[in-house]
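Peer 1: Residue 441 is where the sequence shown ends in numbering that gives the first Met the number 0, and the numbering goes up by one at each step.
Even for Gly, the Cβ is constructed at its ideal location relative to N, Cα and C.
Sending over a structure as structure tokens; questions will come in a sec.
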Amino acid sequence: MLGSVQITLIFTLAAIAVPLPEIGRAFGLERADLILLSAAYGLTFAGLLLFGGRLADRYGGRRALGAGLTLFAAASAAAPFAPGIGTLLAARFAQGAGAALIAPAAMAVLRAVFPSPAAYGRAMASWGGLSVLGATAGNVLSGVIAELLSWRWSFAIPFAVAAVALALAPRLLPDTPPAPGRTLDLPGALLATAGITLASYGLVVTDALPWSSAEVLVPLLLGGALLTAFWYAERRAGDPLLPPRFLADRPRALALTAIALSACATAMTFVTFSLHLQQDRDWSPLRTSAAFLPFAVALLASGRSAGGLIARFGPRKVTAAGLATAAAGLILLALTGLDPHTPYASGLLPGLMLLPTGTAASFAGAAVLTTDGVPPERTGLAGGVLNTAMELGPTVVFAIVLTFGSDSFSLAATGAALAAAAALNLRVQRSRPSSTAQGAIR
């Protein structure tokens, strides 16, 4: 059940990606409105994740999960009946807020389901691939739903999953004790939420506006200033929202970088090739979704084998190998995939198989590395940080690489970044044993 919820959170992020042009025509939206609508869910999701993790640790994972599911279900029920852009935007923002509470809470409950370190490590190896599976499902199914029914039906899946999870959680999931000694660190939560949201918004609108415009510079500068203030405030807080030492562990920092880059690679491929197939090749949304079915098959196959590979070779080597494989897929797509005359089977398909094979493995290994050494009462924190990296990766990297060149250049540049991250993950060694790491982040 927890896995289905996690898949649905990322499915919802991508649920309107393919039918976005249809929504624009229905509501008479300009490009800037479409960009904001596309980003609305991710802005509140990423901005509130750290605070959501603290709430899960402070009040208990199952209680926080129930509250998040309630908000998420209500917003998902309202979205398909939106009469205009304002109501739909509000529903997407509310969905993101609910997701920001659900994601870290689900990881906290997962820790209670698998209390032994070995079992929890195996669970995290599977958990790491669920998000990219959700993104794939969102992009594939959204086109099918839009073609056969209407984009409004895309919200039926998030509502149904949230409603069923709400009904089953008290019976299937163990209760998770709260950590009443933890403060909420409201100043840190406000600084982090405002900083991440403003900076993310500034990066998102670079798709339509130049970097020198006030609409980009003002939120970027304000967001950067708030995040700087957050960092200094956390160093002085008695019980910080994000302990600085949590990110000082080099293997964990590299694992989070791997998650961010892998998420960016997946999102960039879906966006770039969805537009390419529909605009340059005049494919329908249904045919475009079908083109990504081999992507989904490769993803599932790689995700199923990742746990065994991690048990045999260790999460660091699996993460590095996955990053290298994904890099090869992206570079191959950059070289062959964007010409309208390139055959699908011999041109697009090889890269579309290599990329998910690598990202599923890198997500699985990096998820294990991120949560290694984290004490049970900090599982919500780990879940918040992991999902923040997953949400911010596409926003930050995508905005930067698209500024400097074409889609082919962006794919190749991201592939090079993945290859560099693979090399770094192979070279790094954990600087301290897990028991010491646990004490360092308490």
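(1) Should residue 117 go down as buried or exposed, given a rule of 16 or more other Cβ atoms within 10 Å for buried?
(2) When you compare the CB positions of residue 102 and residue 42, do they come within less than 8 Å of one another, or not?
(3) Specify the secondary structure class of residue 430 as computed by DSSP and reduced to three states.
(4) To the nearest angstrom, how far is it from the Cα of residue 79 to the Cα of residue 385?
(5) Where does the unbroken alpha helix (DSSP H) through residue 446 begin, and where does it stop?
(6) Using the beta-carbon count (16 or more within 10 Å), is residue 246 buried or exposed?
(7) Given this structure, state the Cα-to-Cα distance separating residue 155 from residue 76, to the nearest angstrom.
(8) Hey, which unbroken runs of the alpha helix (DSSP H) at 4 residues or more fall wholly within the segment 115-140?
(9) By Cβ distance, which residues of its chain are closer than 7 Å to residue 47, with the 5 residues on each side in sequence left out?
(10) Can the beta-carbon of residue 380 be found closer than 8 Å to that of residue 52?
(11) Count the other CB atoms, across all protein chains shown, that sit within 10 Å of the CB of residue 217; report buried if there are 16 or more and exposed otherwise.
(12) Determine contact between the segment 12-20 and the segment 146-154, defined as no fewer than three beta-carbon pairs at a distance below 8 Å.
(13) Going by alpha carbons, who is nearest to residue 134 out of 292, 331 and 309?
(14) Mind checking which residues open and close the alpha helix (DSSP H) that includes residue 442?
(15) Mapping DSSP to helix, strand and coil, what is residue 17?
(16) Below 8 Å on the Cβ atoms is my guess for residue 45 versus residue 55; work out the distance and round it to an integer in Å.
(17) Examine the Cβ distances between the segment 348-362 and the segment 321-328 and report whether three or more of them are shorter than 8 Å.
(18) Within the segment 11-86, note down every full alpha helix (DSSP H) run reaching 4 residues or more, in order along the chain.
(19) With 16 other CB atoms within 10 Å as the buried threshold, where does residue 58 fall?
(20) Could you tell me the alpha carbon to alpha carbon distance between residue 267 and residue 371, rounded to whole angstroms?
(21) Would you please state the rounded distance, in angstroms, between the beta carbons of residue 276 and residue 265? I believe it to be under 8 Å.
(22) Check whether the segment 325-336 and the segment 404-424 are in contact - that is, three or more C-beta pairs closer than 8 Å.
(23) Where does residue 293 sit, in a helix, a strand or coil, going by DSSP?
(24) Could you check the C-alpha separation between residue 132 and residue 250 for me, to the nearest Å?
(25) Quick one: what does DSSP say residue 301 is sitting in, helix, strand or coil?
(26) Is it the case that the Cβ atoms of residue 369 and residue 254 are separated by a distance below 8 Å?
(27) What separation, rounded to the nearest whole angstrom, lies between the Cα atoms of residue 256 and residue 420?
(28) With H, G and I counted as helix, E and B as strand and the rest as coil, what does DSSP make of residue 0?
(29) If you measure between the beta carbons of residue 366 and residue 124, is that distance less than 8 Å?
(30) Where does residue 114 land, buried or exposed, given buried means 16+ other C-beta within 10 angstroms?
(31) When you compare each of 92, 258 and 38 to residue 363 by their alpha carbons, which one comes out closest?
(32) Is the closest heavy atom of the ligand FAD to the C-beta of residue 188 under 7 Å?
(33) Roughly how many whole angstroms lie between the Cα atoms of residue 243 and residue 189?
(34) Can the beta-carbon of residue 1 be found less than 8 Å from the beta-carbon of residue 105?
(35) What does the alpha-carbon distance come out to for the pair residue 29 and residue 185?
(36) How big is the Cα-Cα spacing for residue 128 and residue 299?
Peer 2: Considering the structure as presented:
(1) Counted from its first residue, the sequence shown places residue 117 at position 118. Burial state of residue 117 is exposed, judged by a 10 Å Cβ sphere holding fewer than 16 other Cβ atoms.
(2) By 1-based counting over the sequence shown, the position of residue 102 is 103. By 1-based counting over the sequence shown, the position of residue 42 is 43. No, the Cβ-Cβ distance between residue 102 and residue 42 is not below 8 Å.
(3) Your numbering for residue 430 matches position 431 in the sequence shown. Only weak support is given to the placement of residue 430: the predicted model assigns it a pLDDT of 44, under 50, and the value that follows is read from those uncertain coordinates. DSSP places residue 430 in coil when its eight states are reduced to three.
(4) In the sequence shown, the residue the question calls residue 79 occupies position 80. In the sequence shown, the residue the question calls residue 385 occupies position 386. Whole-angstrom Cα-Cα distance: 30 Å.
(5) The structure shown has nothing for residue 446, since the chain only spans 0 to 441.
(6) Translated into the one-based positions of the sequence shown, residue 246 becomes position 247. That one is exposed.
(7) Translated into positions along the sequence shown, residue 155 becomes position 156. Translated into positions along the sequence shown, residue 76 becomes position 77. Whole-angstrom Cα-Cα distance: 7 Å.
(8) For the segment 115-140, whole alpha helix (DSSP H) runs of length 4 or above, ordered along the chain, are 116-126.
(9) Counted from its first residue, the sequence shown places residue 47 at position 48. Take residue 47, set aside five residues on each side of it, and the residues of its chain with a beta-carbon closer than 7 Å to its own are 96, 99 and 192, in chain order.
(10) Residue 380 sits at position 381 when you count from the first residue of the sequence shown. Residue 52 sits at position 53 when you count from the first residue of the sequence shown. A contact, by the Cβ cut-off of 8 Å.
(11) By one-based count along the sequence shown, residue 217 stands at place 218. Per the 10 Å Cβ criterion, exposed.
(12) Because the criterion of three Cβ pairs below 8 Å is met, the segment 12-20 and the segment 146-154 touch.
(13) Locating residue 134 in the sequence shown gives position 135, where the first residue counts as 1. Taking residue 134 as reference, the option from 292, 331 and 309 with the minimal CA-CA separation is 292.
(14) In the structure as shown, the chain starts at 0 and stops at 441, and residue 442 therefore has no counterpart that could be examined.
(15) As a first step, residue 17 is located in the sequence shown; it is residue number 18 there, counting from the start. Three-state result, residue 17: coil.
(16) Counting from 1 along the sequence shown, the entry for residue 45 is found at position 46. Counting from 1 along the sequence shown, the entry for residue 55 is found at position 56. Contact annotation, residue 45 with residue 55: C-beta distance approximately 16 Å; criterion of less than 8 Å not satisfied.
(17) Touching, yes.
(18) List check, alpha helix (DSSP H) in window: 19-26, 30-58 and 60-77.
(19) Locating residue 58 in the sequence shown gives position 59, where the first residue counts as 1. Counting other Cβ atoms within 10 Å of its Cβ, residue 58 reaches 16 or more and is therefore classed as buried.
(20) Counted from its first residue, the sequence shown places residue 267 at position 268. Counted from its first residue, the sequence shown places residue 371 at position 372. Taking the straight line joining both Cα atoms gives about 29 Å.
(21) The residue you call residue 276 lines up with position 277 of the sequence shown. The residue you call residue 265 lines up with position 266 of the sequence shown. Separation of the CB atoms of residue 276 and residue 265 is rounded to 16 Å, and the pair is thereby denied contact status at 8 Å.
(22) With the rule of 3 Cβ pairs closer than 8 Å, the segment 325-336 counts as touching the segment 404-424.
(23) One-based indexing of the sequence shown puts residue 293 at position 294. The answer is helix: DSSP assigns residue 293 an H, G or I state.
(24) Translated into positions along the sequence shown, residue 132 becomes position 133. Translated into positions along the sequence shown, residue 250 becomes position 251. Here the C-alpha atom of residue 132 lies approximately 24 Å from the C-alpha atom of residue 250.
(25) As a first step, residue 301 is located in the sequence shown; it is residue number 302 there, counting from the start. Helix, per DSSP.
(26) Numbered from its first residue, the sequence shown carries residue 369 at position 370. Numbered from its first residue, the sequence shown carries residue 254 at position 255. Between residue 369 and residue 254, the C-beta gap is smaller than 8 Å, which places the two residues in contact.
(27) Looking up residue 256 in the sequence shown gives position 257. Looking up residue 420 in the sequence shown gives position 421. Distance between the alpha carbons of residue 256 and residue 420 is about 8 Å.
(28) One-based indexing of the sequence shown puts residue 0 at position 1. When DSSP states are grouped into helix, strand and coil, residue 0 belongs to the coil group.
(29) Looking up residue 366 in the sequence shown gives position 367. Looking up residue 124 in the sequence shown gives position 125. In this structure, residue 124 lies closer than 8 Å to residue 366 by Cβ.
(30) As a first step, residue 114 must be located in the sequence shown, where it is residue number 115. Counting Cβ neighbours within 10 Å, residue 114 comes out exposed, since fewer than 16 surround it.
(31) Here residue 363 corresponds to residue number 364 of the sequence shown, with the count starting at 1. Comparing Cα-Cα distances from residue 363 to each of 92, 258 and 38, the minimum goes to 258.
(32) Judged by which ligands are present, the structure shown has none, so any question about the ligand FAD falls away.
(33) For the purposes of this step, residue 243 is identified with residue 244 of the sequence shown, where counting begins at 1. For the purposes of this step, residue 189 is identified with residue 190 of the sequence shown, where counting begins at 1. It is roughly 17 Å from the alpha-carbon of residue 243 to the alpha-carbon of residue 189.
(34) As a working note, residue 1 is residue 2 in the sequence shown. As a working note, residue 105 is residue 106 in the sequence shown. Yes.
(35) To locate residue 29, count along the sequence shown from 1; it is residue 30. To locate residue 185, count along the sequence shown from 1; it is residue 186. Cα-Cα distance, rounded: 37 Å.
(36) Your numbering for residue 128 matches position 129 in the sequence shown. Your numbering for residue 299 matches position 300 in the sequence shown. One alpha carbon belongs to residue 128, the other to residue 299, and they sit about 8 Å apart.
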